[in-house]
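Participant:
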Amino acid sequence: MKDTLMRWKLPLICFIWQLAMIILFGVFIRYDDESSARWNVIRRTRNITSVLENDFYFRYPSFQDVHVMVFVGFGFLMTFLKRYGFGSVGFNFLIASFSIQWALLMQGWFHSLDYSDGKIKIGVESLINADFSAASVLIAFGGVLGKVSPVQLLIMSLFQVTLYAVNEFIILTVLGARDAGGSMVIHVFGAYFGLTITRILYRPNLDQRKNESVYHSDLFSMIGTLYLWMFWPSFNSAISNHGDAQHRGVINSYCSLAASVLTAIAISSVFEKKGKINMVHVQNGTLAGGVALGTAAEMMLTPYGSLIVGALSGTISTLGFIFLSPLLEKYLKIQDTCGIHNLHGIPGVIGAIVGAITAAAATEGVYSREGLIDAFGFVDGFADRTPSVQGGFQAAALCVTLLLSVGGGAVVGFILKLPFWGDPSDENCFEDEVYWEVPTEEEAALHSVHYENNQLKKPTSNGDTQQ
Amino acid sequence: MKDTLMRWKLPLICFIWQLAMIILFGVFIRYDDESSARWNVIRRTRNITSVLENDFYFRYPSFQDVHVMVFVGFGFLMTFLKRYGFGSVGFNFLIASFSIQWALLMQGWFHSLDYSDGKIKIGVESLINADFSAASVLIAFGGVLGKVSPVQLLIMSLFQVTLYAVNEFIILTVLGARDAGGSMVIHVFGAYFGLTITRILYRPNLDQRKNESVYHSDLFSMIGTLYLWMFWPSFNSAISNHGDAQHRGVINSYCSLAASVLTAIAISSVFEKKGKINMVHVQNGTLAGGVALGTAAEMMLTPYGSLIVGALSGTISTLGFIFLSPLLEKYLKIQDTCGIHNLHGIPGVIGAIVGAITAAAATEGVYSREGLIDAFGFVDGFADRTPSVQGGFQAAALCVTLLLSVGGGAVVGFILKLPFWGDPSDENCFEDEVYWEVPTEEEAALHSVHYENNQLKKPTSNGDTQQ
Amino acid sequence: MKDTLMRWKLPLICFIWQLAMIILFGVFIRYDDESSARWNVIRRTRNITSVLENDFYFRYPSFQDVHVMVFVGFGFLMTFLKRYGFGSVGFNFLIASFSIQWALLMQGWFHSLDYSDGKIKIGVESLINADFSAASVLIAFGGVLGKVSPVQLLIMSLFQVTLYAVNEFIILTVLGARDAGGSMVIHVFGAYFGLTITRILYRPNLDQRKNESVYHSDLFSMIGTLYLWMFWPSFNSAISNHGDAQHRGVINSYCSLAASVLTAIAISSVFEKKGKINMVHVQNGTLAGGVALGTAAEMMLTPYGSLIVGALSGTISTLGFIFLSPLLEKYLKIQDTCGIHNLHGIPGVIGAIVGAITAAAATEGVYSREGLIDAFGFVDGFADRTPSVQGGFQAAALCVTLLLSVGGGAVVGFILKLPFWGDPSDENCFEDEVYWEVPTEEEAALHSVHYENNQLKKPTSNGDTQQ
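Protein chains in written order, with our numbering: chain A, -18 to 448; chain B, -18 to 448; chain C, -18 to 448.
1) Could you say which of Glu253/B, Asn217/B, Cys410/B and His325/B lies nearest to tryptophan -11/C if we only look at CA atoms?
2) Is DSSP giving leucine 427/B helix, strand or coil here?
3) Can you give the beta carbon distance from phenylalanine 170/B to serine 117/B, rounded, assuming they're within the 8 Å contact cut?
4) I want to know whether the stretch 18 to 37 of chain C touches the stretch 174 to 181 of chain C - three or more CB-CB distances under 8 Å.
5) To which residues does DSSP link tryptophan 417/B through a beta bridge?
6) Closer than 9 Å by beta-carbon distance: list the chain C residues that pair up with proline 405/A, in chain order.
7) Just checking, does the stretch 207 to 220 of chain A make contact with the stretch 257 to 272 of chain A on the three C-beta pairs under 8 Å criterion?
8) Assign serine 194/B to one of three DSSP states: helix, strand, or coil.
9) Can you tell me where the beta strand (DSSP E) with isoleucine 101/C in it begins and where it stops?
10) Relative to the alpha-carbon of alanine 239/B, which residue among Met2/C, Pro420/C and Gly326/C has its alpha-carbon at the smallest distance?
11) In the structure shown, what three-state DSSP assignment does tyrosine 96/A receive?
12) For the stretch 256 to 274 of chain A, enumerate the residues whose C-beta is nearer than 9 Å to any C-beta of chain B, in chain order.
13) Per DSSP, what kind of secondary structure is isoleucine 10/C in: helix, strand or coil?
14) Which residue or residues does DSSP assign as beta-bridge partners of leucine 62/C?
15) I need the boundaries of the alpha helix (DSSP H) containing methionine 137/A, first residue and last residue.
16) How close, in whole Å, do the beta carbons of lysine 63/A and serine 249/A come, if the pair is a contact with beta carbons under 8 Å?
17) Could you list which residues in chain B have their beta carbon closer than 7 Å to that of tyrosine 416/C, in chain order?
18) For histidine 48/B, I'd like the list of residues in its chain whose CB is within less than 7 Å of its CB, leaving aside the five on either flank, ordered along the chain.
19) Does the distance from the C-beta atom of serine 221/A to that of glycine 230/A stay below 7 Å?
20) Quick one: grab the DSSP three-state call for cysteine -5/C.
21) Please return the same chain residues whose Cβ sits closer than 6 Å to the Cβ of glycine 54/A, not counting the five positions on each side in sequence.
22) What separation, rounded to the nearest whole angstrom, lies between the Cα atoms of proline 468/C and valine 290/C?
23) Does glutamate 424/B have its Cβ less than 7 Å from a Cβ in chain A?
24) Please indicate yes or no: does the CB of glycine 326/C lie closer than 6 Å to some heavy atom of the ligand ZN?
25) For the stretch 71 to 102 of chain B, which residues have a CB atom closer than 7 Å to at least one CB atom of chain A, in sequence order?
26) With 16 other CB atoms within 10 Å as the buried threshold, where does serine 406/C fall?
27) Can you check which of these residues, Val129/C, Arg159/C, Asp95/C and Asn110/C, is closest to valine 142/C by C-alpha distance?
28) Could you check where the alpha helix (DSSP H) with serine 241/B kicks off and where it finishes?
29) Just tell me which of Phe(-4)/B, Thr299/B and Cys319/B has its CA closest to the CA of valine 132/B.
30) What's the C-alpha gap between leucine 0/C and serine 287/B?
31) By the 8 Å beta-carbon criterion, what residues does the stretch 8 to 27 of chain B contribute toward chain C?
32) Contact between the stretch 327 to 347 of chain A and the stretch 369 to 381 of chain A: three or more CB pairs below 8 Å?
33) Cα separation between proline 420/A and tyrosine 65/A?
34) Can you tell me whether glycine 460/C is helix, strand or coil according to DSSP?
35) Report yes if the C-beta distance between alanine 161/B and glutamate 279/B is below 7 Å; otherwise report no.
36) Please determine if the stretch 76 to 86 of chain C and the stretch 117 to 126 of chain C are in contact, where contact requires at least 3 C-beta pairs separated by less than 8 Å.
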């Protein structure tokens, strides 16, 4: 086994970056008014009568659901690989923990810098946004899963979180697009960033047979799927406006996700032999309805509109796993371990388009004048926008996101291709042994048994095993 | 292996039903006031000052807990079978996703149809009720687990959700019974509906040895148990009145569930050989206290009353697993895979009775006059009810539920017995291979090793294996 | 296998104690105002206008997170042992369910006894505190894991919950220390209590090779780790003052925990061979940042202060696993199964010290005069305290906790050493078979295969296996 020299590289990068975080937090990050001990004084000056009118009580339950999706959802979803469970859950844990710190800074500089004192003021909404940024990194991680070192992952996270904040700033603040659940900022960005990287890191001699599951690893993966699926309504509504927008985001996502399950399983059964269902599709295609509602969830999409989006995206995502992924690998040399193109790429694009159409179709009759202004932020610089203009800006936001993700991914891909980041050799891909202490005893027994049986069986061609 | 022809049946039913849902949602389902973009306008006309006074903030955390119980709780609880993990989690996912859509319609027509425009108005409480309906279907699923095809399950769901809404309408709206946590509407109904079906689908030659667990499948199952157990307080209080009723429902359920754990483990240890504890009882009997509080949780049952109910139901449920289940199979030919009679049937009946007694014993001294009216809904048509009369109606509601569940189960059972739904042969019961793509490599090694060892060991009778 | 005579002991103790709980609850425990059916009447007399101003809506989401940590977090964290998964999750379930009942009584007598009627009035905050008490017991359980009987565990719980309430009363009520997340009351107390017991129960001939994991047991354990990690912000803020204190507790914990992940993994990689990461450190060291913020989370520690605490405690905790644990076992004869000294002992002491310093450093400039009074409870008997005096009392509280935990642990240790509690023999330690019905078939095959292979391989020294 190639020595990846992780012993110095990994600790060094972890310590240096953690130290940098401490220093930067010390210089820049402070509590916002609602999390400061002075809040009781402040709120009385603002005539806020109830302690409950603290953003904490509006958003904390949603935040915790998002937190579960990022750490358990993504982490366990990727444990489907038979010998990469530690790497899936463990690296997920590591890079998400770094990303949320760095995101608090990056997003803070762009979105919540208090110019009066030069400090970033954070509260529960900042934590949700930091988790969102980490989610985007974890999507890209799904594309390169099993083929890179933890050092490469940390470097990728650093660049991706940075570019994420830039893209977010351009499309939300400059263009004034709406994207509460992140079809564009999170999913499209994460997917095409990751796919570009995995293309550049193409390994022609990779043994794809290791990219497989065993019975119990598929069950572990279902833990991830279900937590993502159940909490997606929280994800899509966590940073929406207080009140009806959060409420509506939950209803729309609930409907859409339910529809995806039926169509993903139906498509799986149509195309697998004898109508059997493939767990890969259940683990992934069922989630497409959540991704595809990331932009429009808070809008007046209507429950049946949500069902249509969910049913379509579940169908298309599952078809992608069956037909598109092999083509992408064969012709474009994109080795997409988790199929992020099918789960986040295509459904993300669908979500962006659905969002643009839903915005363009908004009317005062449906939203009320005040509702329209609230829902799309038609204030200040955007006060004279009409819904159809907003639709155009939504579409422009998708284009910007695609450009930045592919462009950024290309740069980062070439950085990660440098030969000193300790990546695994082709034979060690999808294997925990390279980077993790793996329990030996019982497992070794299993492996040797397996090996033996294969050997034992070879000499005979009939069903019985001869000794 | 019998070809179940799932390839056309399953996709067809999924697509047609999903299409039907889209059309019916399009015709009937709209946002309610609190999830509409017009809400800010509406709430000011009603003098609601705070954005927080949106039902979303009262119920969303409970909703998410219920959602976890339905998809992870029930799904993983049933993974105890050694070779039916995919079917347990996967079919659970499929039928729950269909049931919640159909339930929004059925319950909507009965309970939240706005006669002014003929539309069903949905909000977060509708989602909770839809999840409750799905829970009832999943209880019935536990009875037939491993012995039916996904097509049969979807047909069962269609009928069960329909009849669930009818029963709910009769006992809650017509009879005016209270059943916030669903001892009757969810548990009794689901259990006896499912047991009647499994009786009609009786398989005399079923090999019950496959109905067993392995070490890790028992641990997966404990994930389900614990999530059900922890979130049951949310389940029993999710649709209670705002304020003290939700608060009290949580306290009562918390106490009851804790008591069930001690008595279930005690009974297990008494009756298993050498005082060992049986995981089946830990996985199930510990939950009886939640079921048995489904009706009375929101009432002034007192914490010690809750402990008594929990201790008793944990005891009786576990005794049911040990003594009653074998008798039911032998004499009544009821093959109850998960023991739903012990976990939902009996404790549900206990819960209904406890609810009737607690209601009948309510006094103004304990509740206050206003509290009594709030707690039991003594308004409008029920304004002149007394607690003892209420107790009588609670008991009547149990009888109606029992009748409808057995009657409905019988009809649906005969429908499911029709020979073209692709059910598995007796040898394929409790096996994922019929309906799922199952990873082969490593597992095959295990199986063949197992087989070999049995072979190898046969010639000798001493402990050592000879080759 | 030694007969532990659990058949009578375990059921007897469960039934008697549950009966005692029912009687004591009947005599002492009642609903508090906010969970009583009279609450609507009461709140109007107090001019509380909104139903939302019920403590339920401030604390229930946090309560459920804590509940998950206690039952799934601790339970699954301990499943890392290859053959003790049932015992880890199952005994965790049993003793936590007893502890929360007993804690409601013990904490009630000390903290919420209504002297007007001699009753304990409980609400959602009581449930959180009861769960906290159970958490302390489960920490101690981690020290003796695999080496004691369920009867010993129940006896330990009885004494520990009792002494927990005494210690809590002394340090919070008498000394006026602050410890919202329980660095002292929960972690230091639980750890040193458990370590003292495991010292007294020292087994010189214990085969530590059974104290090991297998591949999938490490993944199950990660479920526990992640739920503890994700929900720790709720744990540290669940009983803080409404509003900014809860909000701040979440932000601080979030930062601290993220930093621990990076330093724990870095240290693991430095000291393991070839820079590989050890799952034990990922499962435990990453959580140190939550423990170490138990006292100061609600204070104005600042986000960068939290990062420093998290980074340091993750480092020290992981170093403890690598260097200190072997020494403790060798020289002090402390067999600490889960390494509770590294996860709860040392980080708890750090947390107490950080809390004392942060309190002593508090100023009116940062907190505002009113904020200072709120944050440290400078009212009534403590009205004339200054921050620096408060810091002194915080330090005193740590000393009291250390004394009481070691002293109490010693007494309880000797009680548990009595020969009739059915403890396992040395050979049966870390084995589920003693106390649990374990599925035999497939597992037996695996074991025999393993055994065979070892046998088969012995005669030859080269890599190939000869038959």
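All C-beta atoms, glycine included, are put in the ideal place defined by N, C-alpha and C. Note that the structure is a prediction, hence the values are computed from the model and not measured.
Facilitator: Reading it off the structure:
1) Taking the third sequence and counting its residues from 1, the one referred to as residue -11/C is at position 8. Here the closest residue by C-alpha is Glu253/B.
2) If you number the second sequence from 1, residue 427/B lands on position 446. At leucine 427/B the pLDDT is 46, less than 50, meaning the model places this residue with poor confidence; the figure from the coordinates comes in the next sentence. Note: leucine 427/B maps to helix in three-state DSSP.
3) In the second sequence, the residue the question calls residue 170/B occupies position 189. In the second sequence, the residue the question calls residue 117/B occupies position 136. The Cβ separation is near 6 Å, so the contact holds.
4) no
5) Counting from one through the second sequence, the residue named residue 417/B turns up at place 436. According to DSSP, which records beta bridges pairwise, tryptophan 417/B is partnered with Ile258/A.
6) Looking up residue 405/A in the first sequence gives position 424. Going along chain C, no residue has its Cβ under 9 Å from proline 405/A, so there is no contact; the nearest lies around 12 Å.
7) yes
8) For the purposes of this step, residue 194/B is taken as residue 213 along the second sequence, with counting starting at 1. Looking at serine 194/B - three-state DSSP - the assignment turns out to be strand.
9) If you number the third sequence from 1, residue 101/C lands on position 120. Start and end: 100 to 103.
10) The count along the second sequence starts at 1 and reaches residue 239/B at position 258. Minimum Cα distance to alanine 239/B is reached at Met2/C.
11) In the first sequence, residue 96/A corresponds to position 115, counting from 1. Three-state DSSP puts tyrosine 96/A in coil, outside helix and strand.
12) Gly256, Lys257, Ile258, Asn259, Met260, Val261, Val263 and Thr267
13) Numbered from 1 along the third sequence, position 29 holds the residue referred to as residue 10/C. Isoleucine 10/C: strand per DSSP, three-state reduction.
14) Indexing the third sequence from 1 puts residue 62/C at position 81. For leucine 62/C, which the question treats as bridged, DSSP gives the partners Ser194/C.
15) As a first step, residue 137/A must be located in the first sequence, where it is residue number 156. Its alpha helix (DSSP H) spans residues 131 to 149.
16) By 1-based counting over the first sequence, the position of residue 63/A is 82. By 1-based counting over the first sequence, the position of residue 249/A is 268. Going by Cβ atoms, the distance from lysine 63/A to serine 249/A rounds to 21 Å, so no, they are not a contact pair.
17) Here residue 416/C corresponds to residue number 435 of the third sequence, with the count starting at 1. What tyrosine 416/C touches in chain B: Lys257 and Ile258.
18) For the purposes of this step, residue 48/B is taken as residue 67 along the second sequence, with counting starting at 1. Only Asp112 meet the Cβ criterion.
19) Reading the first sequence from its first residue, position 240 is the one you call residue 221/A. Reading the first sequence from its first residue, position 249 is the one you call residue 230/A. Yes, the Cβ-Cβ distance between serine 221/A and glycine 230/A is below 7 Å.
20) In the third sequence, residue -5/C corresponds to position 14, counting from 1. Three-state DSSP puts cysteine -5/C in a helix.
21) As a first step, residue 54/A must be located in the first sequence, where it is residue number 73. Gly205, Tyr208 and Leu209, listed in sequence order.
22) A question about residue 468/C goes unanswered here, because the residues of chain C that appear run from -18 up to 448.
23) Here residue 424/B refers to the residue found at position 443 of the second sequence. Note that glutamate 424/B scores 47 on pLDDT, short of 50, meaning its location in the model is unreliable; the coordinates nonetheless yield the value given after this. Chain A, which has a Cβ nearer than 7 Å to the Cβ of glutamate 424/B, makes this yes.
24) Of the ligands one can find in the structure shown there are none, so the ligand ZN has no counterpart to examine.
25) Gly71, Phe74, Leu75, Ser78, Phe79, Ile81 and Gln82
26) For this step, residue 406/C is matched to residue 425 along the third sequence. Answer is exposed; the Cβ neighbour count stays below 16.
27) Within the third sequence, numbered from 1, the residue matching residue 142/C stands at position 161. Cα-wise, what sits closest to valine 142/C is Asn110/C.
28) Here residue 241/B refers to the residue found at position 260 of the second sequence. Element bounds for serine 241/B: 225 to 252.
29) The residue labelled residue 132/B in the question sits at position 151 within the second sequence. Selected option, being the one with the closest Cα: Phe(-4)/B.
30) Start at 1 with the first residue of the third sequence, and residue 0/C comes out as number 19. Start at 1 with the first residue of the second sequence, and residue 287/B comes out as number 306. Leucine 0/C and serine 287/B: Cα-Cα distance of roughly 13 Å.
31) none
32) yes
33) Residue numbering aside, residue 420/A sits at position 439 when the first sequence is read from its first letter. Residue numbering aside, residue 65/A sits at position 84 when the first sequence is read from its first letter. Looking at the two C-alpha atoms, the distance is approximately 13 Å.
34) Since the first and last residues shown for chain C are -18 and 448, residue 460/C lies out of range.
35) For this step, residue 161/B is matched to residue 180 along the second sequence. For this step, residue 279/B is matched to residue 298 along the second sequence. Contact: yes.
36) yes
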